[in-house]
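Below you'll find the structure, written out as structure tokens, and then a few comments.
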Amino acid sequence: MKTTALITAFLAGNVAAFPNMDKMTAPLAARAYEEAQQLKKRAVDPPQGAGAMPLVPPPFDAKAQRISTTGAHKWVAPGPNDERGECPGLNALANHGYLPHNGKATITQYIDAVTSVYGMGVDLATFLATFGAVVDGNLLSWSVGGKPHTGIGGSHGNYEGDSSPLKGDLYQYGSIGKLVLSQFKELYDMQADAEQPNYNLDVLRDFRGKRFQESIDKNPKYVYGPFTGILVSQAAYTFIYRFMSNKSEEYPEGILDKNTLKSFMAISGSDDNPKWTFGHERIPDNWYKRNTADAYTIPYFNTDVLYFAETQPEILSVGCNQGKVDSFNAIDADTLSNGAYTANQAASNPVCFASEFAKAELPGLTGLGSVALAPLTKTLNGLTSGLNCASIGSVNTSALTACPGFSFYGGPNAKVAKGAIQS
Ligand code: HEM
Ligand SMILES: *[C@@H]1O[C@H](CO)[C@@H](O)[C@H](O)[C@H]1NC(C)=O
Ligand SMILES: *[C@@H]1O[C@H](CO)[C@@H](O)[C@H](O)[C@H]1NC(C)=O
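Numbering (mature numbering (1 follows the signal peptide of the UniProt record, and there is no 0)) for the sequence shown: -17 to -1, 1 to 406.
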């Protein structure tokens, strides 16, 4: 920030802002010029993708941002009694002892781990961890794997959803946790000819669009819900660059190269013959997380969802296939929220619509009364207050439950749907 203010002052010719101009002007002007050139270069081609946040590079502090992968945090493969699931970010934390190695943790342990190892904002971390405990755990803790009511392994329809980046759709592949190599290759090859491979938001939003269409084309029971789709599924894409990329002095926003992507996604082997090993997600050695001053918060995430929607507007439309491939019907935001959000309002603040929907859905999801849920609803409300979201009094889920693929607690495995196309 200091440097930027300096440059701005210089560019504005604000000489009075600096005392002792005579002695200082020459070196400062040279430095300001140099840095302005760098900023200009970045404005054209920032590492996160043209037009994506942030406008000004965040700070970088090597010592504070380096993540240990030795000693207590050495990578250890999960054993037969350790639970792992569909989230590579959480599996990696458990493999490195940043979460309990057995894959079961408390809300507090999740918040501590994702904020300190990846630089997630406390607001987003608290929301995600609390939601896991309420909907897929015992109100205090949950598993990164598990089955319905013990962890996110059994969260199809309430947390996990279709058209994930690398994991197959439940009714297309019979599993929510299986990495589909054709999906990996599609993403991987999007940087095949790049001079400096970097899976940034620009690449990821293209890939997101392809995966949305692929589910329509191949999964007869495709469901894209308000929370599981608009919010969680988008997070699964933006998190890849925002959290997995390696931050550096030169690229403080991060660069996500091929080897780092493979390591976090548990892929080994050559480009021609990649191999996936369940649960083997790994933080690479000598890897640097986000700066604390640059935490990835809920409002920050909201801007990324809007960035995706610029080129892939379909990601804002809730809907489902009708039991056949290519039969996607959109469901109106107005109907789902009983009039609280028009389609336009939902589209201009997607994270509001999705998170308010999730909160209003909680009694139906958990079977708990609104009185029992009140303390948690209050916590979740406080977290999205930065966005000034209009609340949803009650949700109309009957439009969703009419979807042939809809279930509240599905997975980790299920039958492949008739007519599903695997590739
Ligand atoms: C407490 C925090 C977190 C929770 C509760 C959580 C939960 C989940 C859930 C439920 C899914 C399935 C979503 C889907 O249907 O695609 C998922 C997927 C995913 N998560 Fe997380 N996650 C958390 C943190 C993270 C972090 C920190 C990262 C990145 C380092 C991450 C990266 C991903 C990715 C890339 C996927 C998609 C997997 C694939 O399809 O290949 N998550 N997570
Ligand atoms: C991260 O970037 C730094 C600086 O360029 C580099 O030294 C380090 O090897 C990188 N880490 C990974 C895992 O690529
Ligand atoms: C709820 O949605 C269904 C399906 O779209 C619709 O038929 C019904 O009228 C809605 N209910 C209310 C109370 O609006």
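Cβ coordinates follow ideal geometry from the N, Cα and C atoms, glycine included.
Check each candidate in the options and name the one with the smallest Cα separation from residue i.
{"i": "Trp270", "options": "Phe210, Gln48, Ser300, Tyr205", "result": "Gln48"}
{"i": "Lys361", "options": "Ile314, Tyr154, Thr113, Val301", "result": "Thr113"}
{"i": "Ala329", "options": "Leu76, Met227, Pro296", "result": "Pro296"}
{"i": "Pro63", "options": "Gly262, Gly115, Asn121, Pro387", "result": "Gly262"}
{"i": "Glu69", "options": "Ala116, Val100, Tyr93, Lys161", "result": "Lys161"}
{"i": "Thr109", "options": "Val118, Leu73, Val97", "result": "Val97"}
{"i": "Asn304", "options": "Ser216, Pro203, Ile238", "result": "Pro203"}
{"i": "Tyr392", "options": "Ile90, Met248, Val118, Ala382", "result": "Val118"}
{"i": "Val399", "options": "Gln155, Val100, Gly120, Ser146", "result": "Gln155"}
{"i": "Ser251", "options": "Lys168, Gly347, Val127, Ala382", "result": "Lys168"}
{"i": "Lys150", "options": "Ser126, Arg191, Leu184", "result": "Arg191"}
{"i": "Ile314", "options": "Gly306, Thr325, Asn321, Gly302", "result": "Gly302"}
{"i": "Tyr182", "options": "Met248, Ile213, Ser228", "result": "Ser228"}
{"i": "Gly306", "options": "Ile159, Leu111, Gly402", "result": "Gly402"}
{"i": "Val100", "options": "Ala33, Ser126, Ile266", "result": "Ile266"}
{"i": "Ser198", "options": "Val105, Asp145, Thr211", "result": "Asp145"}
{"i": "Thr91", "options": "His84, Leu111, Ile159", "result": "Leu111"}
{"i": "His84", "options": "His56, Gly104, Phe247", "result": "His56"}
{"i": "Leu370", "options": "Gly347, Ser377, Pro387, Val334", "result": "Val334"}
{"i": "residue 481", "options": "Glu178, Thr384, Lys342, Glu293", "result": "A question about residue 481 goes unanswered here, because the residues of the chain that appear run from -17 up to 406."}
{"i": "Tyr220", "options": "Leu244, Thr260, Asp28", "result": "Leu244"}
Could you check the C-alpha separation between residue i and residue j for me, to the nearest Å?
{"i": "Tyr205", "j": "Thr380", "result": "16 Å"}
{"i": "Asn141", "j": "Ser165", "result": "26 Å"}
{"i": "Asn332", "j": "Gly54", "result": "44 Å"}
{"i": "Asn312", "j": "Gly208", "result": "12 Å"}
{"i": "Gly394", "j": "Ala323", "result": "31 Å"}
{"i": "Ala88", "j": "Ser310", "result": "40 Å"}
{"i": "Gly80", "j": "Asn396", "result": "27 Å"}
{"i": "Ala77", "j": "Tyr283", "result": "26 Å"}
{"i": "Ile404", "j": "Phe43", "result": "45 Å"}
{"i": "Leu107", "j": "Ala218", "result": "11 Å"}
{"i": "Leu123", "j": "Leu363", "result": "15 Å"}
{"i": "Leu345", "j": "Asp176", "result": "46 Å"}
{"i": "Pro30", "j": "Gly237", "result": "7 Å"}
{"i": "Leu319", "j": "Ser300", "result": "12 Å"}
{"i": "Arg67", "j": "Leu82", "result": "12 Å"}
{"i": "residue 408", "j": "Ala116", "result": "The displayed coordinates of the chain run from -17 to 406. Any statement about residue 408 would go beyond what the structure contains."}
{"i": "Asn242", "j": "Gly102", "result": "21 Å"}
{"i": "Met7", "j": "Ala75", "result": "Note that Met7 has pLDDT 41, beneath the 50 cutoff, so the model's placement of it is unreliable and no number is given."}
{"i": "Lys193", "j": "Val354", "result": "42 Å"}
{"i": "His139", "j": "Asp255", "result": "32 Å"}
{"i": "Asp5", "j": "Leu38", "result": "Any reading at Asp5 must be qualified, since the residue scores a pLDDT of 37, below 50, and its modelled position is unreliable; no value is offered."}
{"i": "Thr367", "j": "Phe195", "result": "27 Å"}
{"i": "Glu339", "j": "Glu143", "result": "17 Å"}
{"i": "Arg188", "j": "Leu356", "result": "35 Å"}
{"i": "Gly34", "j": "Thr286", "result": "11 Å"}
{"i": "Thr280", "j": "Met173", "result": "28 Å"}
{"i": "Tyr290", "j": "Ser216", "result": "15 Å"}
{"i": "Leu214", "j": "Lys272", "result": "23 Å"}
{"i": "Phe226", "j": "Thr325", "result": "32 Å"}
{"i": "Asn274", "j": "Pro41", "result": "7 Å"}
{"i": "Ser374", "j": "Thr384", "result": "22 Å"}
Return helix, strand or coil for residue i, following the three-state DSSP convention.
{"i": "Cys235", "result": "The amino acid at residue 235 is misidentified as Cys; the sequence shows Pro. Pro235 falls in the coil class under three-state DSSP."}
{"i": "Met173", "result": "helix"}
{"i": "Thr362", "result": "helix"}
{"i": "His132", "result": "coil"}
{"i": "Cys372", "result": "coil"}
{"i": "Ile327", "result": "For clarity, residue 327 is Asn in the given sequence; the question names Ile instead. It is helical."}
{"i": "His263", "result": "coil"}
{"i": "Lys150", "result": "strand"}
{"i": "Thr35", "result": "Contrary to the premise, residue 35 reads as Ala rather than Thr in this sequence. It is coil, neither helix nor strand."}
{"i": "Gly115", "result": "helix"}
{"i": "Gly393", "result": "strand"}
{"i": "Leu383", "result": "helix"}
{"i": "Gln405", "result": "coil"}
{"i": "Leu162", "result": "strand"}
{"i": "Ser126", "result": "strand"}
Within 7 Å: the Cβ of residue i and any heavy atom of ligand 5?
{"i": "Ala397", "result": "Within the structure as shown, ligand 5 is missing, the only ligands being ligand 1, ligand 2 and ligand 3."}
Between residue i and chain D, is the shortest Cβ-Cβ distance under 8 Å, so that the two count as touching?
{"i": "Tyr81", "result": "Here there is only one protein chain, and chain D is not present."}
Report task. Identify every run of the alpha helix (DSSP H) within the stretch 181 to 259, keeping only runs that are complete inside it and at least 4 residues long; order them along the chain. Result -> Listed in chain order, the complete alpha helix (DSSP H) runs (minimum 4 residues) inside the stretch 181 to 259 are 184 to 201, 217 to 227, 241 to 247.
Query raised in the report: Can you give, in chain order, each stretch of the beta strand (DSSP E) that sits fully within the stretch 65 to 101 and has at least 3 residues?
Result: The stretch 65 to 101 contains these whole beta strand (DSSP E) runs: 87 to 89.
Query raised in the report: Are the stretch 131 to 140 and the stretch 229 to 239 in contact at 8 Å, needing three or more beta carbon pairs?
Result: Output reads no: the stretch 229 to 239 does not touch the stretch 131 to 140.
Query raised in the report: Which runs of the beta strand (DSSP E) fall wholly inside the stretch 267 to 351 and span at least 3 residues, in chain order?
Result: Whole beta strand (DSSP E) segments, 3+ residues: zero.
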